[in-house]
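J.:
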Amino acid sequence: MNSYPILSRIILMFLLNSSVTLFSQQHDMKDHPGIHGMVLLGDDTQYASHLPLFYAPHDYQVILKIQLDQTSTLNYKKDQLTHPEVKLYTIEPEKFVLPGIMNDIKTFKANIYRGHFERGGELIIKDAQVEITKVLYFHQLNKDKSEGQPCHYILFGDQKQQFLAHQILNRPDFDELSKIDIKNKAIATLLQNGEIAIVASKAKETQSLSEKCTGTKEYKNINFSNPEILYLEFDDLK
1380 MNSYPILSRI ILMFLLNSSV TLFSQQHDMK DHPGIHGMVL LGDDTQYASH
1430 LPLFYAPHDY QVILKIQLDQ TSTLNYKKDQ LTHPEVKLYT IEPEKFVLPG
1480 IMNDIKTFKA NIYRGHFERG GELIIKDAQV EITKVLYFHQ LNKDKSEGQP
1530 CHYILFGDQK QQFLAHQILN RPDFDELSKI DIKNKAIATL LQNGEIAIVA
1580 SKAKETQSLS EKCTGTKEYK NINFSNPEIL YLEFDDLK
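One gets my numbering by counting positions in the sequence shown from 1 and adding 1379 to each.
(1) At which residue ranges does the stretch 1427-1460 contain complete beta strand (DSSP E) runs of 3 or more residues, listed in the order of the chain?
(2) My output table needs one value for L1609: the three-state DSSP class, helix, strand or coil.
(3) Who are K1513's beta bridge partners in DSSP?
(4) Q1519 to L1548, Cα distance in whole Å?
(5) Buried or exposed, going by whether 16 or more other CB atoms sit within 10 Å of the CB of N1605?
(6) Inspect the beta-carbon positions of I1504 and S1557 and report whether they are closer than 8 Å.
(7) Check the DSSP bridge columns for Q1519 and list the partner residues they point to.
(8) What does a CB cutoff of less than 6 Å around S1398 pick up in its chain, not counting 5 residues either side in sequence?
(9) Which one of P1551, Q1541 and Q1546 has the shortest CA to CA distance from L1567?
(10) Tell me whether the beta-carbon of I1608 lies closer than 8 Å to the beta-carbon of E1526.
(11) L1616 and F1433 look like a contact to me (Cβ under 8 Å); what is the Cβ gap, rounded to whole Å?
(12) Considering only residues of the stretch 1478-1564, which uninterrupted beta strand (DSSP E) runs meet the minimum length of 3 residues and lie entirely inside it, listed in chain order?
(13) Can you tell me whether DSSP reads I1414 as helix, strand or coil?
(14) Find out if the Cβ-Cβ distance for the pair V1509, L1447 is shorter than 8 Å.
(15) In terms of alpha-carbon separation, which member of L1534, P1478, D1552 and Y1455 lies closest to L1467?
(16) For L1502, tell me which candidate among K1409, D1537, T1469 and H1429 has the shortest Cα-Cα distance.
(17) Our contact map puts K1488 next to A1507 with C-beta atoms below 8 Å; I'd like the distance itself, whole angstroms only.
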């Protein structure tokens, strides 16, 4: 059976390269440099998800496909094997202007932590070289503007591993990253080249933001198993 008709029903909207290209033109660089902490995801293929806030210069949701230098990659994988119970690794980059990744910043140095680098995490790799191989998602947050449906998720990954990131749109909001296992591998294959999809979660009728999207795990037409929340944060996005 041809997988593409199935794909059209499963994926609500592909951002693909065209959406990111809109940002790859000369971006407003008025932001000042900052330390833009990120969650490190993935085993053989690595990804970095920026830890956003609703104020400058951290007011961007960004997901990157990255490549650590060879030594750092080996040390990262070794630490994963040694600590299989650990779900969270974070990156503490050197200071840079975050929108610069859309123009001329292709590499940066960073320290890598087991756990949250600002909340007691343990430094495991110092001065890793991080190469940005693709900007998967880039969106500036607006603390004063409602952008609609708050239960959309960004699907990204490859054939081996797939992830969901809650799309941050409104204040207050939350940051959630989950590892999933898509049952239809034809869809996972289409993520291989750095494509992403926006999918919808079934929102609950509740006044509690923490119950509205998280915990439902009923994503429209996306069949997956073994969902595992790797990171969930509310306080930073009040």
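All C-beta atoms in this analysis are idealised placements derived from N, C-alpha and C, irrespective of residue type, glycine included.
T.: On the basis of the coordinates in this document:
(1) Correct list: 1439-1447.
(2) strand
(3) Listed as beta-bridge partners of K1513 by DSSP are K1444.
(4) 9 Å
(5) exposed
(6) no
(7) Y1439
(8) Confidence at S1398 is low in this model, with a pLDDT of 41, below 50, so its placement is unreliable and the value that follows should be read with caution. No residues qualify anywhere along the chain.
(9) The identity of residue 1567 in the sequence shown is Ala, whereas the question assumes Leu. Distances from the alpha-carbon of A1567 to those of P1551, Q1541 and Q1546 put Q1541 closest.
(10) no
(11) 6 Å
(12) With a minimum length of 3 residues, the continuous beta strand (DSSP E) runs that stay inside the stretch 1478-1564 are 1486-1493, 1501-1519, 1531-1536, 1541-1545 and 1554-1561.
(13) For I1414, the secondary structure class from DSSP, reduced to helix, strand or coil, is coil.
(14) yes
(15) Y1455
(16) T1469
(17) 7 Å
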